[in-house]
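Going from the sequence shown to this note's numbering is simple: count from 1 and add 36.
Think of the CB as a built atom: it goes at the ideal place given N, C-alpha and C, for glycine as much as any other residue.
Note that this is a predicted model, so its numbers are computed, not measured.
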Amino acid sequence: MLYLRQFCIILFVSFLGELLHVLIPLPIPASVYGLLLMLLALCIGIIKLNQVRETAGFLIEIMPVMFIPAAVGLLESWSFLQPVWIPVMIITLLSTVIVMAVTGRVTQRMIEKDKGEGEKNERISG
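1. Alpha carbons only, please: which of Glu90, Pro61, Leu62, Val124 is nearest the one belonging to Ile45?
2. My parser needs the beta strand (DSSP E) runs of 3 or more residues fully inside the stretch 96-153; what are they?
3. Are the CB atoms of Gly93 and Tyr69 nearer to each other than 8 Å?
4. My guess is that Met71 and Leu78 are in contact by the Cβ rule of under 8 Å, so how many angstroms apart are they, rounded?
5. Can you tell me whether DSSP reads Met74 as helix, strand or coil?
6. Would Leu75 be called buried (16 or more neighbouring beta carbons within 10 Å of its own) or exposed?
7. Over what stretch of residues does the alpha helix (DSSP H) that includes Gln42 continue unbroken?
Take a look at the structure:
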């Protein structure tokens, strides 16, 4: 029952993202709207982390399975991709490296910021 309630919360936020996609004429995917709404709801406190934690963890664990249909679709589209596969591979590799580098730097900065705040709090309370 816990998973069902949490999944319904996530689905509702995703549905709101779909509504925003229909209402706002920007070329932004509905899933991005949904993610932004979830982030906003978590930051503001409308949704508490413990209200979605277990189901979100489960969905993250099974995420690789969701890529199988896309990979099969690419294999079926090989006749269209064959003439441009080298540029596609270069772009894919470069964008992957850039995303990994940016994610790593942002994570390092967030960890450094948390450590700095922790030390600051220790000095104040100590």
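Quick answer:
1. Glu90
2. none
3. no
4. The question names Met, but residue 71 in the sequence shown is Leu. No, Leu71 and Leu78 are not in contact; Cβ-Cβ is about 11 Å, not under 8 Å.
5. helix
6. exposed
7. 38-59
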